[in-house]
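>
Structure (structure tokens):
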């Protein structure tokens with residue numbers, strides 16, 4: 516090693532240990548503020564935002580926070596967590612406009628980024644956790660949905676938080692409720708955001724793959740995990756049961772059944788759109804997707820775990836996109852595990868492109 520190379524290497528180590536390690540949260544806050552706050556309130560209400568805002572206003576006016584209303588009609592197609600958060604934003608700020616309505620979305624995105632550099636740093640390291648946070652903040656999906664008060668920003672963020680807390684606890688060797696409790700709370704809140712199933716697939720896909728790789732599937736059969744599942748569905752039932760009691764139960768059940776079965780049965784199915792589901796879903800992971808081709812000389816155990824995580828991400832990703840009535844945004848809950856996977860990958864200092872792309876070095880630390 517030449518004197519210049521030694522000097523450069525020493526400077527790099529100082530930069531990583533003394534600058535990034537102490538200022539990762541500051542970097543996250545700066546990137547988040549630069550992307551998600553400018554002109555947040557200048558965009559007109561679009562898409563489904565009205566159905567998140569109008570029930571919140573009605574809740575504040577009527578004091579009825581149990582049943583969301585759009586105008587004079589009860590709105591049962593989605594649970595009310597987003598409506599509650601918009602109402603809380605209006606109440607706490609004392610202002611009702613586009614900016615305050617969208618605050619829950621941008622803060623949900625920020626919460627996940629901070630979780631990566633705090634909760635995730637023990638497993639990913641200081642540099643890997645920062646990379647994971649940046650992948651989370653700077654991708655087409657979150658930049659598009661994270662600045663709107665739509666369900667996806669909150670729903671995807673809660674799924675990501677559940678996964679971060681679980682994998683950080685798992686890699687730290689924790690078990691029992693220390694492994695399952697925090698994820699259960701976030702998954703339960705996810706049910707209160709969009710309803711059952713999809714986010715559970717994107718959580719349990721990577722979880723089962725990692726446990727299978729480590730021969731620890733028995734952790735799914737523990738009392739702590741059963742308790743966690745009861746918490747997940749109990750959070751949803753705490754809202755759903757009273758709603759069914761005070762409303763027309765058959766009408767509510769019919770709406771929920773149609774909401775779920777319509778996607779499975781393929782109502783309004785169009786072959787051209789269905790064929791583009793996977794390409795459009797993959798576009799959500801840009802601009803980072805090409806870096807998935809990078810290779811490294813990691814130990815066999817780490818490589819097996821890294822591949823297992825990737826398989827656990829891909830299986831639900833492909834399965835959801837193959838459902839006849841699916842839309843590309845249904846795969847967005849994969850963003851959290853994907854960001855973690857990239858954090859693991861980009862933290863290596865011996866990265867290189869595959870031989871068919873020239874095999875040139877791509878060092879994440881240079």
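Residue numbers (the working numbering): 516 to 881.
Glycine residues also receive a C-beta, built at the ideal position from the N, C-alpha and C atoms.
Fair warning: this is a prediction, and the values are worked out from it, not measured in the lab.
Looking only at its own chain, which residues have a Cβ that is under 7 angstroms from the Cβ of residue 601, when we skip the five neighbours before and after it?
Excluding sequence neighbours, residue 601 sits near 567, 568, 571, 616, 619 and 664.
> Please report the straight-line C-alpha distance between residue 728 and residue 735, rounded to a whole angstrom.
Each residue's Cα considered, the two are about 14 angstroms apart.
> Do you know offhand how far residue 598's Cα is from residue 730's?
Taking the straight line from one Cα to the other gives about 42 angstroms.
> How many whole angstroms separate the CB atoms of residue 717 and residue 848, which I take to be in contact at a CB cut-off of 8 angstroms?
With a Cβ gap of about 4 angstroms, residue 717 and residue 848 count as contacting.
> Would you kindly report the start and end of the unbroken alpha helix (DSSP H) that includes residue 636?
Residue 636 -> alpha helix (DSSP H) spans 636-652.
> Just confirm the distance between the C-beta atoms of residue 859 and residue 639, as a whole number of angstroms; I'd bet it's less than 8 angstroms.
Correct: roughly 6 angstroms between the Cβ atoms.
> Compute every distance between the C-beta of residue 757 and the non-hydrogen atoms of the ligand ZN, then say whether any falls below 7 angstroms.
Although the ligand ZN was asked about, the structure shown includes no ligands whatsoever.
> Kindly indicate the opening and closing residues of the alpha helix (DSSP H) around residue 485.
Given a span of 516 to 881 for the chain in the structure shown, any question on residue 485 remains unanswerable.
> Under three-state DSSP, which class holds residue 736?
In this structure, residue 736 counts as helix in the three-state DSSP scheme.
> DSSP three-state label for residue 867, please.
Three-state DSSP puts residue 867 in a strand.
> Going by beta-carbon coordinates alone, are residue 810 and residue 869 separated by less than 8 angstroms?
Their beta carbons are under 8 angstroms apart, which means residue 810 touches residue 869 by this criterion.
> Please check the pair residue 747 and residue 706, which I expect to be a contact at CB under 8 angstroms, by giving their CB distance rounded to whole angstroms.
About 7 angstroms; that satisfies the 8 angstroms criterion.
> Give me the Cβ distance between residue 627 and residue 550, rounded to the nearest whole Å; I'm assuming they're in contact under 8 angstroms.
Residue 627 to residue 550, Cβ: 14 angstroms. No contact.
> Can you list, in chain order, the residues of its chain with a C-beta nearer than 8 angstroms to that of residue 530? Leave out the 5 residues immediately preceding and following it.
With a pLDDT of only 41 at residue 530, under the threshold of 50, the placement of this residue in the model should not be trusted, and no figure is reported.
> Hey, quick one: how far does the alpha helix (DSSP H) through residue 687 stretch, first residue to last?
No alpha helix (DSSP H) holds residue 687; DSSP gives it neither H nor E.
> DSSP three-state call for residue 875: helix, strand or coil?
Residue 875 falls in the coil class under three-state DSSP.
> Need the endpoints of the alpha helix (DSSP H) that residue 847 sits in, please.
Premise fails: residue 847 is in no alpha helix (DSSP H) and is neither H nor E.
> Specify, as a first and last residue, the run of the alpha helix (DSSP H) that residue 713 falls within.
Where residue 713 is concerned, the enclosing alpha helix (DSSP H) stretches over 713-728.
> In or out: residue 834 buried (at least 16 other Cβ within 10 Å) or exposed?
With fewer than 16 Cβ atoms within 10 Å of its Cβ, residue 834 is classed as exposed.
> Should residue 769 be labelled buried (16 or more other beta-carbon atoms within 10 Å of its own) or exposed?
Per the 10 Å Cβ criterion, exposed.
> In the DSSP output, which residue or residues are listed as bridge partners for residue 589?
Answer is 584, bridged to residue 589.
> Can you tell me whether residue 863 is buried or exposed, with buried defined as 16 or more other CB within 10 angstroms of its CB?
Counting Cβ neighbours within 10 Å, residue 863 comes out buried, since at least 16 surround it.
> Roughly how many angstroms lie between the CA atoms of residue 708 and residue 872, to the nearest whole one?
Between residue 708 and residue 872, the C-alpha separation is close to 43 angstroms.
> If you drop the 5 nearest sequence neighbours on each side, which residues of the same chain put their C-beta closer than 7 angstroms to that of residue 612?
The answer, listed in chain order, is 556.
> Between the Cα of residue 753 and the Cα atoms of 720, 662 and 703, which residue gives the shortest distance?
With distances taken between Cα atoms, residue 753 lies closest to 703.
> Of the residues 761, 822, 750 and 631, which one's Cα is nearest the Cα of residue 582?
For residue 582, the nearest C-alpha among the options comes from 761.
> Report buried or exposed for residue 661, applying the criterion of at least 16 other Cβ atoms within 10 angstroms of its Cβ.
Burial call: buried.
> Check this for me: beta carbons of residue 713 and residue 743, under 8 angstroms apart or not?
No; because the gap between Cβ atoms is not below 8 angstroms, this pair is not in contact.
> Determine the direct distance from the alpha carbon of residue 865 to that of residue 623, and round the result to whole angstroms.
Looking at the two C-alpha atoms, the distance is approximately 34 angstroms.
> Who are the near neighbours of residue 875 in its chain, counting only those whose CB is closer than 6 angstroms to its CB and skipping five residues on each side?
Taken in chain order, the residues that qualify are 868.
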